[in-house]
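Residue numbers (the working numbering), protein chains in the order written: chain A, 1219 to 1511; chain B, 1219 to 1511; chain C, 1219 to 1511; chain D, 1219 to 1511.
Number of protein chains: 4
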Amino acid sequence: MKIGFIGLGNMGAAMARNLIKAGHEVTVFNRTPAKAAPLVEVGAVAAASVAEACKGEAVVTMLADDAALAGVVEGEGGILGTLAKGALHVSCSTVSVALSERLTGAHAAAGQLYVAAPVFGRPDAAAAGDLFVVAAGSAAARAAAEPIFAAIGKQTFVFSDEPAKANLVKLSGNFLITTVIEALGEVLALVGKGGIDKKQYLDFLTSTLFGAPVYRNYGNLIIDTSPRPVGFAAPLGLKDVRLALAAAEELRVPLPLANLVRDRFLTLLATGGEGLDWSAIGRLPGKDAGEAQ
Amino acid sequence: MKIGFIGLGNMGAAMARNLIKAGHEVTVFNRTPAKAAPLVEVGAVAAASVAEACKGEAVVTMLADDAALAGVVEGEGGILGTLAKGALHVSCSTVSVALSERLTGAHAAAGQLYVAAPVFGRPDAAAAGDLFVVAAGSAAARAAAEPIFAAIGKQTFVFSDEPAKANLVKLSGNFLITTVIEALGEVLALVGKGGIDKKQYLDFLTSTLFGAPVYRNYGNLIIDTSPRPVGFAAPLGLKDVRLALAAAEELRVPLPLANLVRDRFLTLLATGGEGLDWSAIGRLPGKDAGEAQ
Amino acid sequence: MKIGFIGLGNMGAAMARNLIKAGHEVTVFNRTPAKAAPLVEVGAVAAASVAEACKGEAVVTMLADDAALAGVVEGEGGILGTLAKGALHVSCSTVSVALSERLTGAHAAAGQLYVAAPVFGRPDAAAAGDLFVVAAGSAAARAAAEPIFAAIGKQTFVFSDEPAKANLVKLSGNFLITTVIEALGEVLALVGKGGIDKKQYLDFLTSTLFGAPVYRNYGNLIIDTSPRPVGFAAPLGLKDVRLALAAAEELRVPLPLANLVRDRFLTLLATGGEGLDWSAIGRLPGKDAGEAQ
Amino acid sequence: MKIGFIGLGNMGAAMARNLIKAGHEVTVFNRTPAKAAPLVEVGAVAAASVAEACKGEAVVTMLADDAALAGVVEGEGGILGTLAKGALHVSCSTVSVALSERLTGAHAAAGQLYVAAPVFGRPDAAAAGDLFVVAAGSAAARAAAEPIFAAIGKQTFVFSDEPAKANLVKLSGNFLITTVIEALGEVLALVGKGGIDKKQYLDFLTSTLFGAPVYRNYGNLIIDTSPRPVGFAAPLGLKDVRLALAAAEELRVPLPLANLVRDRFLTLLATGGEGLDWSAIGRLPGKDAGEAQ
């Protein structure tokens, strides 16, 4: 396929690379053009504009937030105005349900196919092509997107004909991860102050009832306080919880856990944690319990 | 070994049976004597009093709460007064850290060994001898208890020389399970009201990042609202959260999630749920969102 | 003064009437024109458009939310485009801090004066000219608005030269009222279930430490469950808490009480309370405690 | 009347002094005898034991917590065993509903009158005889206690024939005060970070809708961070919230605000605030928002 790819952050660059590796003809675009260079080395064409990335059968977007995606799609020279009729937009970003609903209408009006396909997985999973893809859109759009999903992910979960449902699933999933971080933060603060070795306790948890990677990974991130690269930045974590709460407010669903987690992010950001990985909220329960940080 | 076993509820009866099966000479006692009959059939001796169950090298207790355990240990004709010097008390009940600390001192003063060994697992795991045993106590007490642990559980986790630490681990573990119930209750309410099939969503969760039995089991218990037997009664769930909060208060550790879960239990019990399984709190988020119950 | 008045709801109509009573020449506009008739009877001129209401020295707006105000100010034929240079816009609506900041810039660019002047008080206080006015804006704008404040309110509190500060004060004040509703809802549920007469208890509270009107009024609204007219609609209450939370998120200030109150509103709206007065959230604590509703 | 008075802390000493001033014959007892000296100077007799303080028609207790009161009443040589039949015990301490219920039964069995009469007011109000007395007990007991109430308080509120109801009212009232502290802490953090002068804002609040002393006093205590004497110690605040929560749990009433406040106390005590006035929890919202403390 002839595919444009817009948004070459950690995740996007890895996903674009896998599309190239799968044999697709990929044109890449990033606001900061330097990010394109490593992909050009492995066979991508660098586009000078969004429009140039929209000349193929499909364009994939992987952007930071609603504003970035809306700009690229609805802005002048954007996807809506430049993508061919019948061509496909695969939106992989974690954005609001409301924006996804708006794009659904706009693409339909423009005669373009649109599938929302947010992904689960950290950058290493993206590099390995091991992402979980959550897809929603019309049957035609999903069929057209199949080869793309096959290249970037190891499994695709189809939820609905309405693209925004995939965004809701993604937001709820990220929210669920934050509940694990909060819960681990609380129990580790409790047993730690009670004189129990946290590492040993985490091993116990993950070798009995809580044997999911999410407990192992985030438990270790909470316990091990040494400096580390940011996998997923705290401000993005706040954004995702905010979007989950906004979707829930629209649907009239109270989410007290999401409130709690949102407050943790605010406290983290208000007290010097802007630059940390989002797992850092898991150390706040210990801080409230008087642990040295 | 010659072992007494006190407390023949669903869990205790299954554990006693496994001790018999392992070749131990078991004397059983229950406040309601009828519970002893099925065990006598497979080789147990029925004791007419706590004291009669304390004539061997060890006595195991599996009781509902602090009051029951304190009565059996400290009451007249109780374990403290009747168990031989050097003999062992294995306390498997989920009780407070404070009571366990008190019994530690009392058994030491009486020259008896004491190990706290609460277990993780529902009645079917107890029947299969597949419990996880969390043990704490002096090296001597733990060594003496080894054959008992081997008979009732599939794995033993040793945390400390201080018995009460095992109780803290047990309480924190049950608390962590309730956080999963709450979190699942919230996300299922959200996606359900958003028009997504809950069952399909749960399958997605458990086949990706949340692949632990605790998510699968409690997710299904929340989604499937058909009547069912009570695995673990809601009032006991409230008790365990209360004990976790009491331990945390003593240690000065705020646990906002435990507060939230405790309120869920209070709402459940105040609105007709006294007789339900504790997983029923996971349907309250949906109720607050206007779901028909 | 020659004053335009836009937005003739319960509050706005009463405020416009007091401007007329004070001798000002008032031109009124409302999206639904019928609302203008009673004011025309007492001397107002009915405008056929926003623009017609912008021909004097000042225009006052009292609208339901951000969308309504933004439409009237920034829309075609709106205040920005039609109000004379040097003339004044007094914005009394409860709107977001963000919108008020945007209007500050826009009015400055258009050479117009702008003061944010949200008011505290229910419709009866508006009718009596007894509102509390919270004003912020440049000294020139505030001076120009003095006669308007004098006509609609009994006291004006000036907070800042930046208009948006008045909006923050208003939002925080409404939030504080909701904390009183929640707190009263909880204690009344507690003492009521404890067998104490709620009315007698409220009298005790308000004749001792809690002798503020807000306790008396909302306490009675919670206790007396008979049907009544809506003073301030629940969906508007939710809107105000949402705006307070949005302002707080921007400032990185966690507000756990606002989260709790927001969830109460969501539960109320999800379970049939769309048409109720916002004080109805104060009965949800009793509902969670099993009170018949 | 011939009255014994047990418990000469800040509050108790002031109350005993007012009984003396009113002409009663007062015998005082305190665990630390030195506290009795200033009262002996103004006419009291110092008792060497609880029993000696129980020789009159009535004994008043004003003690720190359940343990202290239970010891004085139920201990050897305690009130139950030494007070004459038909004589009166006036219990002014803030204790649990459960203990008050137990004492109701015990005093009835001993043929003694018992009235629970906790008081509202800080030490200066106690000194001025300006306390609010919340009384519950049999008509006979309340009648007998009238002269005592008249001497220590400026107004008495009678709630029930069951003494424990007065304790519930007291606990709920203290809980309500903490909700004001929390709410003020949150709004002051919000407006303060928003660039508004906190003092001016508090003046606005208390001169409009929130004109109760509790807002003025606690608002000032939160804003003014200079060192000050402890009016009511934080650990006692925690105790009272815990007792309110225990009473509410017994009645199956969720109190999310009480949970929040309890966590504030735990955080305060875990991070160096053991020795502070309970109003210090009102600075924690600002701390979470990144305010220098």
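A virtual CB, placed ideally from N, CA and C, is assigned to each residue, including glycine.
Within 10 angstroms of the beta-carbon of R1360 (chain A) lie 16 or more other beta-carbons, which makes it buried. Pairing A1510 (chain B) with L1406 (chain C), the inter-Cα distance amounts to about 27 Å. Chain C places no beta carbon closer than 8 Å to that of L1349 (chain D), leaving this residue out of the contacts. With a cutoff of 8 Å on beta-carbon distance, A1464 (chain C) and L1473 (chain C) are scored as not near each other. Residue environment analysis places R1235 (chain B) among the buried positions, since at least 16 neighbouring C-beta atoms fall within 10 angstroms of its C-beta. Around A1488 (chain A), the beta-carbon contacts reaching into chain D at under 8 Å are D1506, A1507, G1508. Interface with chain A (8 Å Cβ-Cβ cutoff): T1396 (chain D) is excluded. The segment 1240 to 1327 of chain C is shown to contain whole beta strand (DSSP E) runs of 3 or more residues at 1243 to 1247, 1276 to 1279, 1306 to 1309, in chain order. Only residues of its own chain outside the window of five on either side were considered, and among them none has a CB closer than 6 Å to the CB of D1342 (chain A). In the three-state DSSP reduction, L1349 (chain D) falls in the strand class (E or B). Straight-line measurement puts the Cα of S1390 (chain A) at about 12 Å from the Cα of P1336 (chain A). Proximity of chain D to V1432 (chain C) at the Cβ level (cut-off 7 Å) is accounted for by L1427, F1428, in chain order. Near chain B, meaning a CB-to-CB distance below 8 Å, the residues of the segment 1443 to 1476 of chain A are A1462, A1465, A1466, L1469, R1470, V1471, P1472, L1473, P1474, L1475, A1476. Inclusion of V1352 (chain C) and A1327 (chain C) in the CB contact set at 8 Å is not warranted, their separation being larger than that value. Residues of chain C whose Cβ lies closer than 8 Å to the Cβ of L1484 (chain A) are, in chain order, A1466, E1467, R1470, V1471, P1472. At a beta-carbon threshold of 9 Å, the residues of chain A lying near D1481 (chain C) are P1472, L1473, P1474, N1477, ordered along the chain. Three or more beta-carbon pairs separated by less than 8 Å link the segment 1220 to 1239 of chain B to the segment 1356 to 1371 of chain B, which places the two stretches in contact.
Among the residues facing chain C, V1409 (chain D) is included, as its CB has a counterpart in that chain under 8 Å away. Just measuring C-alpha positions, the residue of C:S1497, C:L1494, C:F1483 sitting nearest D1506 (chain B) is C:F1483. Here the alpha carbon of T1312 (chain C) sits roughly 13 Å from the alpha carbon of P1453 (chain C). According to the DSSP secondary-structure assignment, S1378 (chain C) is paired through a beta bridge with C:A1354.
The C-beta of K1411 (chain B) has 16 or more other C-beta atoms within 10 Å across all chains shown, which makes the residue buried. Only Q1373, F1375, F1377, S1378, E1380, K1383, L1386, V1387, S1390, G1391, F1393, L1394 from the segment 1365 to 1394 of chain D bring a Cβ to less than 8 Å from some Cβ of chain C.
Between the alpha carbons of L1475 (chain A) and D1458 (chain A) lies a gap of roughly 14 Å.
I1221 (chain A) sits in a strand when the DSSP states are folded into three classes. By the C-beta density criterion, R1446 (chain D) is exposed, having fewer than 16 other C-beta atoms within 10 angstroms.
A straight line joining the alpha-carbon of T1426 (chain C) with that of F1450 (chain B) spans about 46 Å. At least one CB of chain C lies nearer than 8 Å to the CB of A1401 (chain D). The residue among B:S1318, B:L1420, B:Y1436 with its C-alpha nearest the C-alpha of I1399 (chain B) is B:Y1436.
Listed along chain D, the residues sitting closer than 9 Å to F1422 (chain C) by beta-carbon distance are F1350, V1352, F1375, F1377, V1387, G1391. Chain order gives no chain D residues near I1499 (chain C), where near means a beta carbon separation below 8 Å; the closest approach is about 12 Å.
Following the DSSP letters along the chain, one finds V1432 (chain A) inside the alpha helix (DSSP H) bounded by residues 1431 to 1441. In the three-state reduction of the DSSP assignment, D1415 (chain B) falls in the coil class.
Around I1224 (chain C), no beta-carbon contact reaches into chain D at under 8 Å, the shortest distance being about 26 Å.
The continuous beta strand (DSSP E) containing L1331 (chain A) extends over residues 1331 to 1334. Annotated three-state conformation of V1409 (chain A) is helix, per DSSP.
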